[in-house]
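A.B. asks: The structure follows.
Numbering (our numbering), first residue to last: 609 to 1023.
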């Protein structure tokens, strides 16, 4: 994380006695990455963090995957995945779109409060496609809105509370796009100094992050500090993709942290605060990068001025991602390169390694002379092949592979 923070009630010296007004010791927890060798924070709890009252197995949902074979580019319509009026939360309701051993991409239309949840496999990066929510964590709370990335470090106990129709000022349903890593997710190394500060050429800076400003205790939200509470834990296990689930029942409410300090904590970054890098000719996708994890990157495509060379072709050139599968989630605006393909808001395209992909026929010529693109999209490039989850199979439009050649496959007897 980018910088040190000190929130709430912490002692002057770490690993020393810290007591409440009645003389009872608080319990110090080190939450750290890479075995004490990377970013960490110290949290001070009222209750013993190791306490478990009961434990039971939890089926985390359908995480089965199918290889993309025969190899095809695909188009998924995410807005068709959920029936209106269903009671769906951000933990049980997410549906797996694509996945491999490094990252899983899921989607949910969220209508109800989630249980308390902890991902013990990797960091979660959650993009808010539509709607508003309150994200409550043991580090503090956030108000999130359309366009926010919420970066939740591994093992952070948290829950999602959607703002639903009827809440003052909130009418859009909450639509969340989950990027679940098996690693940590950070700003790209090339944007950082050797001490971790974002550099001048980075397209965002520390001022753009929304970070916790005060602790959040159970009584602050009108809940009983002694309330017996279930925490759903996603962890390495025997299930598909090596994922298991367990529910720990705690003999107290998880919001018991009176203070914390360090450089590891959840944060928000809004896509509108990302300053796009542009040039005289078309800029390659790394110019749009915003995050990276092990064997994958995340990029933004945001409204921006486009190429100003007198002979520029603003839409992308055809490219073969020889090392990557490319996943593009289209969330707002118009997509010049994809006109005629059926892609629109709520669409996800998969362009796998081995398929040279580019603009739809006619898009290059039509883009000449354009000086501005009004589009918003989130791209994930992986360096290992992605398999198809059940949500991909359920939302595949069935015709996208043929959108460069008239919209239908050739007859079987064509040679």
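Using N, Cα and C, we set each Cβ at its ideal position, and we do this for glycine too.
1) Just to check my reading of the structure: residue 876 and residue 756 have Cβ atoms closer than 8 angstroms, yes? What is that Cβ distance to the nearest angstrom?
2) Comparing C-alpha positions only, which one of 622, 1013, 1006, 845 sits nearest to residue 967?
3) Can you tell me the Cα-Cα spacing of residue 912 and residue 855, whole angstroms?
4) Take the Cβ of residue 880 as the centre, count every other Cβ of all protein chains shown within 10 Å, and call the residue buried at 16 or more, exposed below.
5) What residue from 888, 984, 925 has the CA that sits closest to residue 1038's CA?
6) Starting from residue 974, trace the alpha helix (DSSP H) both ways and give me its first and last residue.
7) Check residue 687 in the structure and name its three-state DSSP category.
8) Which whole runs of the beta strand (DSSP E) in the segment 968-1020 are 3 residues long or more, in chain order?
9) Note down the Cα distance separating residue 914 from residue 958, rounded to an integer number of angstroms.
10) How big is the Cα-Cα spacing for residue 790 and residue 729?
11) Rounded to whole angstroms, how far is the Cβ of residue 874 from the Cβ of residue 760, which I believe are closer than 8 angstroms?
12) Keeping to the same chain, check which residues put their C-beta closer than 6 angstroms to that of residue 963; ignore five residues upstream and five downstream.
13) Who does residue 744 pair with in a DSSP beta bridge?
14) How should residue 979 be labelled, buried or exposed, when 16 other C-beta atoms within 10 angstroms of its C-beta is the threshold for buried?
15) Determine contact between the segment 659-674 and the segment 840-854, defined as no fewer than three beta-carbon pairs at a distance below 8 angstroms.
16) Can you name the start and end residues of the beta strand (DSSP E) that residue 938 belongs to?
17) Between the Cα of residue 677 and those of 944, 1009, 767, 941, spot the shortest distance and give me the residue it belongs to.
18) What's the gap between the Cα of residue 941 and the Cα of residue 953?
19) When you compare only the Cα positions, how much space is there between residue 716 and residue 702?
20) Smallest Cα separation from residue 908: which of 936, 918, 917?
21) If we ignore side chains and look at the alpha-carbon of each, how far apart do residue 982 and residue 999 end up?
22) How many angstroms separate the CA atom of residue 995 from the CA atom of residue 679?
23) Can you tell me whether residue 754 is buried or exposed, with buried defined as 16 or more other CB within 10 angstroms of its CB?
24) For residue 945, which residues in the same chain have their Cβ closer than 8 angstroms to its Cβ, ignoring the five residues on either side in sequence?
25) I'd like to know whether the C-beta atoms of residue 1024 and residue 718 end up nearer to each other than 7 angstroms.
26) Considering only the alpha carbon of each residue, which of 811, 829, 918 lies closest to residue 895?
27) If you check the beta carbons only, do residue 765 and residue 794 fall under 7 angstroms apart?
28) Compare the C-alpha of residue 675 against each of 1019, 992, 745, 1020 and name the closest.
29) Restricting to runs no shorter than 3 residues, where is the beta strand (DSSP E) found entirely within the segment 846-874?
30) Measure the CB-CB distance between residue 751 and residue 742 and report whether it falls below 7 angstroms.
31) Considering only their Cβ atoms, is the gap separating residue 840 from residue 723 smaller than 7 angstroms?
32) Can you tell me whether DSSP reads residue 696 as helix, strand or coil?
33) If I follow the unbroken beta strand (DSSP E) through residue 899, where does it start and stop?
34) Which word fits residue 615, buried or exposed, when buried means at least 16 other C-beta atoms lie within 10 angstroms of its C-beta?
35) Tell me the residue span of the beta strand (DSSP E) that contains residue 907.
36) Within a Cβ cutoff of 6 angstroms, which residues of the same chain sit near residue 734, ignoring the five residues on either side of it in sequence?
C.D. replies: Reading it off the structure:
1) As a first step, residue 876 must be located in the chain shown, where it is residue number 268. As a first step, residue 756 must be located in the chain shown, where it is residue number 148. Indeed, because the Cβ distance is near 5 angstroms, the residues count as touching under 8 angstroms.
2) As a first step, residue 967 must be located in the chain shown, where it is residue number 359. Comparing Cα-Cα distances from residue 967 to each of 622, 1013, 1006, 845, the minimum goes to 1013.
3) Position 304 of the chain shown holds residue 912. Position 247 of the chain shown holds residue 855. Cα to Cα, residue 912 sits roughly 45 angstroms from residue 855.
4) In the chain shown, residue 880 corresponds to position 272, counting from 1. By the neighbour-count rule (16 or more Cβ atoms within 10 Å), residue 880 is not buried but exposed.
5) A question about residue 1038 goes unanswered here, because the residues of the chain that appear run from 609 up to 1023.
6) Position 366 of the chain shown, counted from the start, is the residue given in the question as residue 974. 971-975 is the span of the alpha helix (DSSP H), which, as asked, contains residue 974.
7) The sequence position of residue 687 within the chain shown is 79, counting from 1. Looking at residue 687 - three-state DSSP - the assignment turns out to be helix.
8) 983-990
9) For this step, residue 914 is matched to residue 306 along the chain shown. For this step, residue 958 is matched to residue 350 along the chain shown. Whole-angstrom Cα-Cα distance: 24 angstroms.
10) Indexing the chain shown from 1 puts residue 790 at position 182. Indexing the chain shown from 1 puts residue 729 at position 121. Each residue's Cα considered, the two are about 5 angstroms apart.
11) Taking the first residue of the chain shown as 1, we reach residue 874 at position 266. Taking the first residue of the chain shown as 1, we reach residue 760 at position 152. That pair is a contact at about 5 angstroms.
12) Along the chain shown, read from residue 1 onward, the residue named residue 963 stands at position 355. Answer for residue 963: 681, listed in chain order.
13) Position 136 of the chain shown holds residue 744. BP columns for residue 744 point to 749, 767.
14) The residue labelled residue 979 in the question sits at position 371 within the chain shown. By the neighbour-count rule (16 or more Cβ atoms within 10 Å), residue 979 is not buried but exposed.
15) yes
16) Stepping through the chain shown from its first residue, residue 938 is reached at position 330. Element bounds for residue 938: 933-941.
17) If you number the chain shown from 1, residue 677 lands on position 69. Considering only alpha carbons, the answer is 1009.
18) The residue you call residue 941 lines up with position 333 of the chain shown. The residue you call residue 953 lines up with position 345 of the chain shown. Each residue's Cα considered, the two are about 8 angstroms apart.
19) By 1-based counting over the chain shown, the position of residue 716 is 108. By 1-based counting over the chain shown, the position of residue 702 is 94. Taking the straight line from one Cα to the other gives about 5 angstroms.
20) The residue you call residue 908 lines up with position 300 of the chain shown. With distances taken between Cα atoms, residue 908 lies closest to 936.
21) Your numbering for residue 982 matches position 374 in the chain shown. Your numbering for residue 999 matches position 391 in the chain shown. The straight-line gap from Cα to Cα measures roughly 28 angstroms.
22) The residue labelled residue 995 in the question sits at position 387 within the chain shown. The residue labelled residue 679 in the question sits at position 71 within the chain shown. When rounded, the distance between both Cα atoms is 11 angstroms.
23) Translated into positions along the chain shown, residue 754 becomes position 146. That one is buried.
24) Here residue 945 refers to the residue found at position 337 when the chain shown is read from its first residue. Cβ neighbours of residue 945 beyond the five flanking positions: 923, 924, 966, 967, 968, 971, 975.
25) Absent from the structure is residue 1024, since the part of the chain shown begins at 609 and ends at 1023.
26) Translated into positions along the chain shown, residue 895 becomes position 287. It is 811 whose Cα lies nearest to the Cα of residue 895.
27) Locating residue 765 in the chain shown gives position 157, counting from the first residue. Locating residue 794 in the chain shown gives position 186, counting from the first residue. Cβ atoms of residue 765 and residue 794: not closer than 7 angstroms.
28) For this step, residue 675 is matched to residue 67 along the chain shown. For residue 675, the nearest C-alpha among the options comes from 992.
29) 851-858, 865-870
30) The sequence position of residue 751 within the chain shown is 143, counting from 1. The sequence position of residue 742 within the chain shown is 134, counting from 1. Yes; because the gap between Cβ atoms is below 7 angstroms, this pair is in contact.
31) Here residue 723 corresponds to residue number 115 of the chain shown, with the count starting at 1. Here residue 840 corresponds to residue number 232 of the chain shown, with the count starting at 1. Going by C-beta atoms, residue 723 is nearer than 7 angstroms to residue 840.
32) Position 88 of the chain shown, counted from the first residue, corresponds to residue 696. If DSSP states are grouped into helix, strand and coil, residue 696 belongs with coil.
33) Here residue 899 refers to the residue found at position 291 of the chain shown. Note, residue 899: beta strand (DSSP E), 897-901.
34) Counting from 1 along the chain shown, the entry for residue 615 is found at position 7. Looking at its Cβ environment, which holds 16 or more other Cβ atoms inside 10 Å, residue 615 is buried.
35) Taking the first residue of the chain shown as position 1, residue 907 is located at position 299. It spans 904-909 - the beta strand (DSSP E) in which residue 907 sits, taken as one unbroken run.
36) Locating residue 734 in the chain shown gives position 126, counting from the first residue. These residues qualify, in order along the chain: 758, 784, 786.
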